[in-house]
Amino acid sequence: MQLNPYLLFDGNCEAAFKFYEQCLGGKIEMMQTHAGTPAETQTPPEWRNKILHVSMKVAGTLLMGSDAPPEHYQKPQGFSVSINLKDPAEAERIFHALAENGIVRMPLQETFWAARFGMLVDRFGIPWMINCEKA
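What follows is the structure, given as structure tokens:
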């Protein structure tokens with residue numbers, strides 16, 4: 014079994030995943046809009062270039078997502094995407110990149126369990142936790 018986060022966006026999925034690809038060092042493997050698929054005929058014209066499905070490999074895991082039509086979109090709540098790292102410098106880099114134009118909920122800092130831990134909501138509304146193990 015493998016568990017993978019599937020993130021829903023309000024129309025900015027493509028921009029989010031291009032940002033995550035750069036920030037997290039991932040590789041987008043597939044990005045499909047509604048246009049050119051059987052879903053196109055059931056999709057409003059202004060929504061046809063929105064993302065139907067995207068998948069990105071990041072360090073051996075899969076991050077997936079899509080744009081949710083406005084009538085079905087709900088602001089993310091009740092979860093965080095957690096990134097676990099061993100290198101404090103990499104934790105700092107990723108935290109600050111994701112936090113740019115977002116909201117820091119807990120600054121990245123040393124805790125009793127981690128060399129670095131912090132929480133934020135990125136510019137796309139996705140909540141993240143960055144955790145760097147103590148040596």
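This note's numbering puts the first residue of the sequence shown at 14, with every later residue one more than the last. For each residue, glycine too, the CB sits at the ideal point set by N, CA and C.
| Item | Value |
| --- | --- |
| Can you tell me whether I96 is buried or exposed? The criterion is at least 16 other CB atoms within 10 Å of its CB, across all chains shown. | buried |
| Any idea what DSSP makes of P140, helix, strand or coil? | strand |
| Which runs of the beta strand (DSSP E), 3 residues or longer, sit entirely within the segment 50-92? | 64-71 and 74-80 |
| With a Cβ-Cβ cutoff of 7 Å, do F125 and N144 count as a contact? | no |
| Just the C-alpha distance for T56 and H47, rounded to the nearest angstrom, thanks. | 7 Å |
| Tell me which residues share the same chain as L111 and place their Cβ nearer than 8 Å to its Cβ, disregarding the 5 neighbours each side in the sequence. | C36, L133, D135, W141 and I143 |
| Please state whether DSSP places E42 in a helix, a strand or coil. | strand |
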